[in-house]
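One structure below.
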Amino acid sequence: MFIKAPKGTKDILPAEIPNWHFIEKTAQETFNKANFKEIRTPIFEDTNLFERGVGDTTDIVNKEMYTFEKSDRSLTLRPENTAGVVRAYLEHNLYRESPPVKFWYKGSMFRYERPQAGRQRQFNQIGVEMFGVQDASADAEVIMLAVEFLKGLGLNDLTVEINSLGCNECRKEYKEQLKKAVAPFLDQLCDDCRSRFEKNPLRILDCKNETCNRLFEEHNLKSKVSGIKLCGECSEHYKKLKTYLNELNIKYEENTFLVRGLDYYTKTVFEIKSNNLGSQNAVCGGGRYDGLVETLGGPHTPAVGWAMGVERLNALIPKLETKKIDYFVVSDNQIEAVKLTSKLRKNGFSAEFDYTSRKFAKQLEKAAKIAYKAVILGEDEIKNNYYTVKDLNTSEQTRSSFADLVK
RNA sequence: GCGGGUAUCGCCAAGUGGUUAAGGCCUCGGAUUGUGGUUCCGAUAUUCGUGGGUUCGACUCCCACUACCCGCCCCA
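Number 1379 in our numbering belongs to position 144 of the first sequence; there are no gaps in the numbering.
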């Protein structure tokens, strides 16, 4: 072995392709039904887009970006796709269309992290973004779509968690409340939490450190900071979302510790988790980002969306079998075998022949592995102008004409 | 960036100091010169991640390196 795939990347081999097709097909069908249109944006963008869009206090921008310089231009492999979709939305003046404008996408994202179970450096996401609707029905629409998609994949054992981060106004107050509540035991928290305290106190709630979590429990942090953060409009929005979800029979859990690592989220945030994955158990993450379009130079535009990790979804889906081909031509006359194969293909069937014209036993062995039926085309068949078709499941053999073959 | 673990054939593996490095799967060939999925037989690692060291002798012991895996952080 000389050159191997780079750390954190994976080959998707033919044996795994049926699963990927299944996921992609289900996505397309689900999103089409809801009138979301597919969009494909570049795999790399101006580095600035992510710094401004995703936010420079995030881990993604601070330590996970694949950035390179080309003729004095700084470019970055996209670490997520919301910023790119918003950029395209603005660049093509799509905010001039009558709202809502709804997109879905699929593609590879890149983050420079230590790989582990459920985490790669190149990974695939399927996501949706919806622009122009302020009402919580958009948040509900998008969550419903996620649940529908997962259901379409046969995944039910998942938990939807929701929270509201409020708008800039209530967040300002919330940050102060949080800082006040945490301050007394700040020195007992982990290093990260201490630095978050100044830079982005909201992220303290995201901490998964055991000691921190125990301290949060002990100081009853949850109840101290919950219920005091949302302004009238935001709490109304959140309440409305819950009403929608209830009416839609979508089960959810409220998790006031749910913050999400991206700076652009406002009001609603949510995550969908599985209990059947390792420690990287988030299958879907998303939320509302009412400020992002404006941040990137567009008109004020409310928006909401989410992304799912395709590799993580795939880990939950049973392995699908590769499809067999319709016919395998068994013959000791290769010219006739190629000709028949070609004719079968032209009639819409998948077909292959043995390239080595080995003994029939070996050819049939191969046929049984990869095809539903074998067409035997030996001396006798050629002389008397017929085909022997063998059903490789039942071993039944019939004398057939070409018309029978393509029936 | 920080912890822990593992590296023997294409895949799954046994072997823990002493002549030829088990076994299974896959692949290929034969039994069966026109009939597979069952069965039987045969073939396939001068070599045990890489480089050093200890030893009469190392896959087995020691050191270093590398790769991969798992966890922390964070996320999909």
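Where a beta carbon is used, it is the ideal one built from N, C-alpha and C, also for glycine. Given the structure is predicted, the values throughout are model-derived calculations rather than measurements.
*Selected residue, minimal CA-CA separation from E1546, among T1244, E1614, G1613*: Of the candidates T1244, E1614, G1613, the one whose C-alpha sits nearest the C-alpha of E1546 is T1244.
*asked:* Taking the beta carbon of L1456 as the centre, do at least 16 other beta carbons fall within 10 Å, making it buried, or is it exposed?
replied: Under this definition L1456 is a buried residue.
*asked:* Taking 8 Å as the cut-off, does the segment 1611-1626 touch the segment 1552-1571 (at least 3 CB pairs, one atom from each stretch)?
replied: The answer is yes - the segment 1611-1626 touches the segment 1552-1571, with three or more Cβ pairs under 8 Å.
*asked:* Considering just the uninterrupted stretch of the beta strand (DSSP E) at V1518, what are its terminal residues?
replied: First-last of the beta strand (DSSP E) with V1518: 1517-1523.
*asked:* On the CB-based measure, 16 or more other CB atoms within 10 Å of its CB, does H1535 come out buried or exposed?
replied: Exposed is the call here.
*Put I1247 into one of helix, strand or coil per three-state DSSP.*
Here I1247 carries a coil assignment [DSSP, helix/strand/coil].
_the segment 1525-1543 touching the segment 1357-1372, judged by at least three CB pairs closer than 8 Å_ = Touching, per the Cβ criterion.
*R1580 versus V1641, A1606, N1516, residue with shortest Cα-Cα distance*: Of the listed residues, the one whose Cα sits closest to R1580 is V1641.
*Alpha carbon to alpha carbon, how far is K1554 from N1359? Give it in angstroms, no decimals.*
In this structure, the straight-line span from the alpha carbon of N1359 to that of K1554 is close to 18 Å.
*Determine the closest residue to N1549 out of L1393, A1323, I1258, A1603, with distance taken between C-alpha atoms.*
With respect to the C-alpha of N1549, the residue from L1393, A1323, I1258, A1603 having the closest C-alpha is I1258.
*Report buried or exposed for A1606, applying the criterion of at least 16 other Cβ atoms within 10 angstroms of its Cβ.*
By the neighbour-count definition (other C-beta atoms within 10 Å, threshold 16), A1606 is a buried residue.
*To the nearest whole angstrom, what separates the beta carbons of T1576 and F1595, a pair I think is in contact under 8 Å?*
Contact between T1576 and F1595 is absent: CB atoms are separated by about 17 Å, not below the 8 Å threshold.
*asked:* Do C1519 and A1318 count as a contact pair if the criterion is CB distance below 7 Å?
replied: The Cβ atoms of A1318 and C1519 lie no closer than 7 Å to each other.
*Can you give the beta carbon distance from L1437 to K1410, rounded, assuming they're within the 8 Å contact cut?*
Rounded, the Cβ-Cβ distance is 7 Å, consistent with contact.
*Since I believe L1440 is in contact with V1494 (beta carbons under 8 Å), could you give me their beta-carbon distance rounded to a whole number of angstroms?*
Yes, V1494 and L1440 are in contact; Cβ-Cβ is about 5 Å, under 8 Å.
*Close beta carbons around F1303, own chain, < 7 Å, minus the five adjacent residues each side*: Excluding residues within five positions, the ones whose Cβ falls inside 7 Å are L1310.
*For D1626, does the count of other Cβ atoms within 10 angstroms reach 16, so buried, or fall short, so exposed?*
Here D1626 is exposed: its Cβ has fewer than 16 other Cβ atoms, across all protein chains shown, within 10 Å.
*What are the start and end residues of the beta strand (DSSP E) that includes S1635?*
Here the beta strand (DSSP E) through S1635 covers 1632-1635.
*Who pairs with W1339 in a beta bridge, going by DSSP?*
According to DSSP, which records beta bridges pairwise, W1339 is partnered with E1273, V1363.
_Proximal residues to I1463 (C-beta, below 6 Å), its chain only, five neighbours per side dropped_ = Since pLDDT at I1463 reaches only 49, below the 50 mark, its modelled position is unreliable, and no value is offered.
_Taking its Cβ as the centre, do 16 or more other Cβ atoms sit within 10 Å of Y1590, making it buried, or is it exposed?_
Around the beta carbon of Y1590, a 10 Å sphere encloses fewer than 16 other beta carbons of the protein chains shown; the residue is thus reported as exposed.
*Is it the case that the Cβ atoms of K1475 and A1371 are separated by a distance below 7 Å?*
A contact, by the Cβ cut-off of 7 Å.
*Where DSSP assigns a beta bridge to V1610, which residues make up the other side?*
DSSP lists V1564, V1624 as partners of V1610.
*Work out the CA separation of S1343 and K1604 for me, nearest whole Å.*
Each residue's Cα considered, the two are about 33 Å apart.
*What distance in whole Å lies between the Cβ atoms of T1394 and E1488, which are believed to be in contact at a cut-off of 8 Å?*
So it is a contact: roughly 6 Å between Cβ atoms.
*Measure from the alpha carbon of K1648 to the alpha carbon of each residue in K1414, R1308, P1314, V1624, then state which is nearest.*
Summary: the structure shown does not reach residue 1648, with the chain confined to residues 1236 through 1642, and so no result is reported for it.
*asked:* Need the endpoints of the beta strand (DSSP E) that E1468 sits in, please.
replied: Not the beta strand (DSSP E): E1468 falls in the alpha helix (DSSP H), residues 1467-1482.
*If you compare alpha carbons, which of V1320, A1352, I1238, F1266 is closest to L1512?*
Of the listed residues, the one whose Cα sits closest to L1512 is A1352.
*asked:* Measuring only the C-alpha atoms, how far is F1637 from K1601?
replied: Taking the CA atoms as reference points, F1637 sits about 22 Å from K1601.
*Nearest neighbour of L1599, chosen from S1585, S1566, R1431, Y1622 [CA to CA]*: Considering only S1585, S1566, R1431, Y1622, the residue with the shortest C-alpha distance to L1599 is S1566.
*For the candidate residues L1424, W1339, L1612, whose alpha-carbon lies nearest to that of V1320?*
Comparing Cα-Cα distances from V1320 to each of L1424, W1339, L1612, the minimum goes to W1339.
*asked:* Rounded to whole angstroms, what is the Cα-Cα separation between R1356 and R1349?
replied: About 8 Å.
*Between the Cα of Y1524 and the Cα atoms of N1516, P1277, F1505, L1312, which residue gives the shortest distance?*
Minimum Cα distance to Y1524 is reached at F1505.
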